[in-house]
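Numbering-wise, my numbering comes out as the position in the sequence shown, counting from 1, plus 226. Shown next, in structure tokens, is the structure this report addresses.
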Amino acid sequence: MGLSQKADIAYLALRQAIMEQALTPGTKLPEDPLAEQFEISRTLVRAALARLASEGLIEVGNKRTATVAQPSLDEARAVFEVRRCLEAEVVRLACERWQSAWRAPLEAHVRDEQAAAKAGQANVSIRLAGEFHIQLARLSGNPLLTRYLSEVTTRCSLILAVYGRPHSSDCAVTEHRALIDAMARGDAAKAMKLMAEHLEGIEARALIPRTVRSDQDLGSILAQYAQAVGTPSR
Ligand SMILES: [Zn+2]
227 MGLSQKADIA
237 YLALRQAIME
247 QALTPGTKLP
257 EDPLAEQFEI
267 SRTLVRAALA
277 RLASEGLIEV
287 GNKRTATVAQ
297 PSLDEARAVF
307 EVRRCLEAEV
317 VRLACERWQS
327 AWRAPLEAHV
337 RDEQAAAKAG
347 QANVSIRLAG
357 EFHIQLARLS
367 GNPLLTRYLS
377 EVTTRCSLIL
387 AVYGRPHSSD
397 CAVTEHRALI
407 DAMARGDAAK
417 AMKLMAEHLE
427 GIEARALIPR
437 TVRSDQDLGS
447 ILAQYAQAVG
457 TPSR
């Protein structure tokens with residue numbers, strides 16, 4: 227396995243572990259154990275951490291040790307404001323450029339979300355729900371829009387994982403299905419209205435404080451996630 231591939235696994239494993247709250251906000255992510263875990267240099271660890279920091283998932287403090295981000299409620303509200311603007315444009319463009327071949331993969335994704343929710347995997351379903359929105363953004367055909375929405379959606383998923391009610395999934399799958407229907411009909415006005423209501427619902431579920439747990443073993447959590455995103459890290 228190449229070095230850059232190992233670095234990608236480190237990035238993806240950390241990202242997924244944070245999004246699913248296996249690593250809770252405030253968890254320290256020291257470079258040495260990460261380098262050892264993923265068998266990469268500290269330089270590559272720093273690069274992976276920088277990528278996560280640019281997505282708002284980790285914070286690098288003045289002592290240079292990265293920690294899993296703890297978004298404040300004010301930040302959460304600001305992120306949702308931006309998300310509302312971006313998503314309105316995403317559905318408008320997706321309607322305009324809609325191709326019938328897009329429907330099946332979107333529906334398959336929604337089935338995965340539903341399966342995770344049914345299996346009681348709340349944090350997996352939060353991550354998959356966020357990825358549904360990123361998939362929609364790709365359909366807009368605008369790479370910048372996709373990049374910004376991806377960042378904002380990732381931050382929203384973290385916020386929901388931190389502040390959301392336990393067992394509430396990010397998005398109602400029925401609402402995702404209704405969105406697909408409206409876009410497939412090319413009904414941009416309806417799709418934009420559905421999206422606005424959908425995001426209102428997510429925000430209402432997200433901004434409810436609750437306590438987070440603090441006992442966790444970095445090594446065993448990351449080994450699990452490294453295995454999930456690629457080849458095992460050891
Ligand atoms: Zn959604």
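Backbone N, C-alpha and C fix where the C-beta goes; we use that ideal spot for every residue, glycine too.
Taking the alpha carbon of residue i as the reference point, which residue from the options has its own alpha carbon closest?
{"i": "R318", "options": "L362, E307 and A279", "result": "L362"}
{"i": "A432", "options": "S446, A417, K416 and I385", "result": "I385"}
{"i": "L260", "options": "K254, P251, G252 and V271", "result": "V271"}
{"i": "K254", "options": "V294, R309, A454 and G456", "result": "V294"}
{"i": "P297", "options": "A341, I284, G346 and G445", "result": "I284"}
{"i": "R467", "options": "G228, K344, K232 and M409", "result": "Beyond the ends of the chain as shown, which are 227 and 460, falls residue 467; an answer cannot be given."}
{"i": "A449", "options": "Q263, A341, K344 and A327", "result": "Q263"}
{"i": "A454", "options": "D234, G228 and S230", "result": "D234"}
{"i": "S366", "options": "E339, G346, K344 and A414", "result": "A414"}
{"i": "V308", "options": "Q340, S376 and A345", "result": "S376"}
{"i": "G445", "options": "L425, D258 and A342", "result": "D258"}
{"i": "T269", "options": "P369, E429 and S230", "result": "S230"}
Looking only at its own chain, which residues have a Cβ that is under 7 Å from the Cβ of residue i, when we skip the five neighbours before and after it?
{"i": "G412", "result": "C321 and W324"}
{"i": "Q247", "result": "N349 and A387"}
{"i": "R364", "result": "T372"}
{"i": "S383", "result": "M245, I352, R353, G356 and D396"}
{"i": "M418", "result": "A314, V317 and R318"}
{"i": "V438", "result": "Only weak support exists for where V438 lies, its pLDDT of 49 falling under 50; the coordinates are left without a value."}
{"i": "S267", "result": "A261"}
{"i": "K416", "result": "A408"}
{"i": "D338", "result": "L354"}
{"i": "P458", "result": "Only weak support is given to the placement of P458: the predicted model assigns it a pLDDT of 49, under 50, and the value that follows is read from those uncertain coordinates. Within the same chain, P458 has close Cβ partners A452."}
For residue i, which residues of its own chain have a beta-carbon under 6 Å away from its beta-carbon, when the five flanking residues on both sides are left out?
{"i": "R436", "result": "Note that R436 scores a pLDDT of 49, beneath 50, so its modelled location is shaky and nothing firm can be said."}
{"i": "A243", "result": "L249, I447 and Y451"}
{"i": "H393", "result": "Note that H393 has pLDDT 48, beneath the 50 cutoff, so the model's placement of it is unreliable and no number is given."}
{"i": "R460", "result": "For R460, the predicted structure reports a pLDDT of 46, less than 50, and the residue's modelled location is therefore unreliable. A value from the coordinates is still provided. For R460, where only same-chain residues beyond five positions count, there are no Cβ hits under 6 Å."}
{"i": "G390", "result": "R431 and A432"}
{"i": "T379", "result": "G356, H359 and I360"}
{"i": "A279", "result": "V286"}
{"i": "E429", "result": "F306"}
From which residue to which residue does the alpha helix (DSSP H) around residue i run?
{"i": "E357", "result": "A348 to L365"}
{"i": "I406", "result": "V399 to A410"}
{"i": "I385", "result": "P369 to Y389"}
{"i": "E262", "result": "E257 to F264"}
{"i": "L319", "result": "L299 to E322"}
{"i": "K289", "result": "Here K289 belongs to no alpha helix (DSSP H), and DSSP marks it neither H nor E."}
{"i": "Q340", "result": "R329 to K344"}
{"i": "Q450", "result": "L444 to V455"}
{"i": "L420", "result": "A414 to A432"}
Assuming contact is defined by CB atoms lying nearer than 8 Å, are residue i and residue j in contact in what I supplied?
{"i": "E315", "j": "I406", "result": "no"}
{"i": "H236", "j": "A274", "result": "Here the sequence assigns Ala to residue 236, which means His is not the residue at that position. In contact: A236 and A274 (Cβ atoms closer than 8 Å)."}
{"i": "L312", "j": "Y374", "result": "yes"}
{"i": "V305", "j": "R381", "result": "yes"}
{"i": "T291", "j": "P251", "result": "no"}
{"i": "L238", "j": "G456", "result": "yes"}
{"i": "E265", "j": "K289", "result": "no"}
{"i": "H303", "j": "A422", "result": "Checking the displayed sequence, the identity of residue 303 turns out to be Arg instead of His. Taking 8 Å as the Cβ cut-off, R303 and A422 do not qualify as a contacting pair."}
Can you tell me where the beta strand (DSSP E) with residue i in it begins and where it stops?
{"i": "T293", "result": "A292 to V294"}
Going by DSSP, what residues sit across from residue i in a beta bridge?
{"i": "I235", "result": "I235 is not bridged to any residue."}
{"i": "I284", "result": "V294"}
{"i": "K254", "result": "T293"}
Near residue i, what residues of its chain come up, given a Cβ to Cβ distance below 8 Å and the 5 sequence neighbours on each side ignored?
{"i": "V336", "result": "F358, V399, H402, R403 and I406"}
{"i": "D300", "result": "none"}
{"i": "L425", "result": "F306, R309, R310 and E313"}
Are the C-beta of residue i and some C-beta of chain D separated by less than 8 Å?
{"i": "K416", "result": "The question asks about chain D, but that chain is absent: this structure has only one protein chain."}
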